[in-house]
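Let me begin by presenting the structure, written as structure tokens, before commenting on it.
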Amino acid sequence: MKRLLFLVVKAFQAFDWPLLVILMLMAVLGMTVMHSAVGDTDWRFADQLRNFGLAFFAMWVVALIPPPKLMRLAPLVYAVGVALLLGVEFFGETSKGATRWLNLGIGRIQPSEMLKIGVPLMLAWYFHRHQGKIGFLDFVVAGVLLLIPFALIVKQPDLGTALLVFGAGFCVIYFGGLSFKLLAPAVIALVLAVGTLVYYEDQICMPDVDWVVLHDYQKHRVCTLLNPSSDPLGKGFHTIQSMIAIGSGGVYGKGYMQGTQSHLDFIPERTTDFIFAVYAEEFGLYGGILILILYALLILRGLTIAVRAHTQFGRLLAGSMAMMFFVYVFVNIGMVTGILPVVGVPLPFMSYGGTALLTLGVACGMLMSISRYRPGRR
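The sequence shown begins at 11 in my numbering and counts up one residue at a time.
Structure below.
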């Protein structure tokens, strides 16, 4: 009996309660919107409820693992993830023009999801091992560790996941001490590239122009972002319909389950990538502000845990997990509102999907593990 009581107490001690409260609120809100978005396909609602259960269980299990053990697992997780990506390259299964899945005999997996956690975990381990003597060569090594999985994921192609992996890994490198002076040339080059793209849109978006570094469908997504009306019933349909749904919601929204754009099937992928359009149409501007506040609290709590962490590994890993949430939200809402091209990034704790939710659950479990860890305390 005492043993059971001890295990129960230990289980509750694993939670970071401010973070848990935020996640519970987001789960309730996510399931509420999912109920409206699924329409007649009620099986997706039940599946998403199961996905949340699995994600919270994974979060609890990871929260019980102290950061030193997580650090020892980092090289193994990274190596297995890269090996599986290479397996996808040579033996992967293709679906809808993309080779992202690997059949292990007992089921299919998408190894790129594993690298959302594996890359920042590995980079945090590397900088922790070299803390106090980090030089330029260390940033070069870290860059190589980041670019290997990034390049393999881009080749699948899966630009959305590649951006998330790159964003989470880059945050570790930046928090590890990368000087902003080294970033200035890259920022200037990016601004010039975007300006050139906008200025010469008519010429470079011609059908016979090859962008070399991007696939044709990725080129079309960028050109559609610049001018959605150029193909309103084709490539621009997603963006146009989501913007109509968000705008029609107005300030107060049309009311729960009263969204016409979603329930009349005008919004494509309304349960996954474009679920924010369903939410904004039904809950309006005030609802949009509410969910942005919840995401801000989630990110702020993650950064607070990073600041209070007792080890370099904990600070870097917690900071990258918090910024990964930011990249998720920024890219998804950006593409739904027509600010960014459509790249297939889900909205955290809102979009339907088991793998993405499991990844988010593991990330939150790591934050809780870092939050509760005290060096020298058993």
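Here a beta-carbon is modelled for each residue, glycine too, at the ideal position from N, C-alpha and C.
With DSSP as the reference, identify every bridge partner of His-111, one or two as the case may be.
To locate residue 111, count along the sequence shown from 1; it is residue 101. In the sequence on display, residue 111 carries Trp and not His. Paired residues: Glu-103.
Are the beta-carbon atoms belonging to Leu-193 and Phe-286 less than 8 Å from one another?
Reading the sequence shown from its first residue, position 183 is the one you call residue 193. Reading the sequence shown from its first residue, position 276 is the one you call residue 286. Their beta carbons are not under 8 Å apart, which means Leu-193 does not touch Phe-286 by this criterion.
Measuring alpha carbon to alpha carbon, tell me which of Phe-101, His-320 and Phe-340 ends up nearest Leu-377.
Taking the first residue of the sequence shown as position 1, residue 377 is located at position 367. When each option's Cα is compared against that of Leu-377, the closest is His-320.
Sorted by chain position, which residues of the same chain lie with C-beta nearer than 6 Å to Asn-397's C-beta, five sequence neighbours on each side aside?
The structure shown does not extend to residue 397, since the chain spans only 11 to 388, so no value can be given for it.
According to DSSP, simplified to helix, strand and coil, what is Ile-214?
For the purposes of this step, residue 214 is taken as the residue at position 204 of the sequence shown. Of the three classes helix, strand and coil, the one that applies to Ile-214 here is helix, per DSSP.
For the alpha helix (DSSP H) that His-248 lies in, which residues bound it at each end?
Locating residue 248 in the sequence shown gives position 238, counting from the first residue. Start and end: 247–259.
Taking C-alpha atoms, which residue in Gln-268, Met-334, Val-48 and Asp-26 lies nearest to Leu-74?
Residue 74 sits at position 64 when you count from the first residue of the sequence shown. The option with the nearest alpha carbon to Leu-74 is Asp-26.
Shortest alpha-carbon distance to Val-352 belongs to which of Val-43, Phe-359 and Val-341?
Counted from its first residue, the sequence shown places residue 352 at position 342. Comparing Cα positions, the closest option is Val-341.
Please classify Glu-99: is it buried, with 16 or more other beta-carbons within 10 angstroms of its beta-carbon, or exposed?
For the purposes of this step, residue 99 is identified with residue 89 of the sequence shown, where counting begins at 1. Exposed, because fewer than 16 other Cβ atoms sit within 10 Å of the Cβ of Glu-99.
Could you check the C-alpha separation between Lys-191 and Leu-169 for me, to the nearest Å?
The sequence position of residue 191 within the sequence shown is 181, counting from 1. The sequence position of residue 169 within the sequence shown is 159, counting from 1. Distance between the alpha carbons of Lys-191 and Leu-169: 27 Å.
For Arg-388 and Gly-294, I'd like the C-alpha separation in whole angstroms.
Start at 1 with the first residue of the sequence shown, and residue 388 comes out as number 378. Start at 1 with the first residue of the sequence shown, and residue 294 comes out as number 284. Caution is warranted here: a pLDDT of 47 is assigned to Arg-388, below 50, making its placement in the model unreliable, and the coordinate value is therefore given only provisionally. Computed Cα separation, rounded: 49 Å.
Quick check: the Cα distance between Thr-281 and Ala-56, rounded to an integer number of angstroms?
The residue given as residue 281 occupies position 271 in the sequence shown. The residue given as residue 56 occupies position 46 in the sequence shown. If you take the alpha carbons of Thr-281 and Ala-56, they lie about 13 Å apart.
Give me the DSSP bridge partner(s) of Ile-119.
Working through the sequence shown from its first residue, we reach residue 119 at position 109. Answer by DSSP bridge pairing, in chain order: Leu-112.
Since Leu-133 and Ile-183 should fall inside the 8 Å C-beta cutoff, what is the C-beta to C-beta distance between them, to a whole number of angstroms?
Numbered from its first residue, the sequence shown carries residue 133 at position 123. Numbered from its first residue, the sequence shown carries residue 183 at position 173. Contact holds; Cβ gap of about 6 Å.
What is the rounded straight-line gap between the Cα of Phe-359 and the Cα of Ala-37?
As a working mapping, residue 359 is identified with position 349 in the sequence shown. As a working mapping, residue 37 is identified with position 27 in the sequence shown. Distance between the alpha carbons of Phe-359 and Ala-37 is about 6 Å.
Does the structure place the region 292–306 close enough to the region 157–167 that three or more beta carbon pairs sit under 8 Å?
The answer is no - the region 292–306 does not touch the region 157–167, with fewer than three Cβ pairs under 8 Å.
May I ask which residues mark the beginning and end of the alpha helix (DSSP H) holding Met-41?
The residue labelled residue 41 in the question sits at position 31 within the sequence shown. Counting along the chain, the alpha helix (DSSP H) containing Met-41 begins and ends at 27–47.
Thinking just about the alpha-carbon of each residue, which of Pro-278, His-273 and Tyr-262 is nearest to the one in Thr-249?
As a working mapping, residue 249 is identified with position 239 in the sequence shown. Ranking the options by Cα distance to Thr-249, first place goes to Pro-278.
Under a Cβ-count criterion, where at least 16 other Cβ atoms within 10 Å of its own Cβ denotes burial, should Thr-270 be classed as buried or exposed?
The residue labelled residue 270 in the question sits at position 260 within the sequence shown. Burial call: exposed.
Alpha carbon to alpha carbon, how far is Leu-202 from Val-71? Give it in angstroms, no decimals.
Taking the first residue of the sequence shown as position 1, residue 71 is located at position 61. Taking the first residue of the sequence shown as position 1, residue 202 is located at position 192. One C-alpha to the other measures close to 46 Å.
Which residues in the same chain as Met-41 place their Cβ atom closer than 8 Å to its Cβ, once the five residues preceding and following it in sequence are excluded?
As a first step, residue 41 is located in the sequence shown; it is residue number 31 there, counting from the start. For Met-41, where only same-chain residues beyond five positions count, the Cβ hits under 8 Å are Phe-55, Gln-58, Leu-59 and Phe-62.
Determine, using beta carbons only, whether Ser-381 and Ile-315 come nearer to each other than 8 Å.
Position 371 of the sequence shown, counted from the start, is the residue given in the question as residue 381. Position 305 of the sequence shown, counted from the start, is the residue given in the question as residue 315. In contact: Ser-381 and Ile-315 (Cβ atoms closer than 8 Å).
Could you tell me which uninterrupted alpha helix (DSSP H) segments, each at least 4 residues in length, are contained entirely in the region 143–204, listed from first to last along the chain?
Taking only runs of at least 4 residues, the alpha helix (DSSP H) segments lying wholly in the region 143–204 are 146–164 and 169–185.
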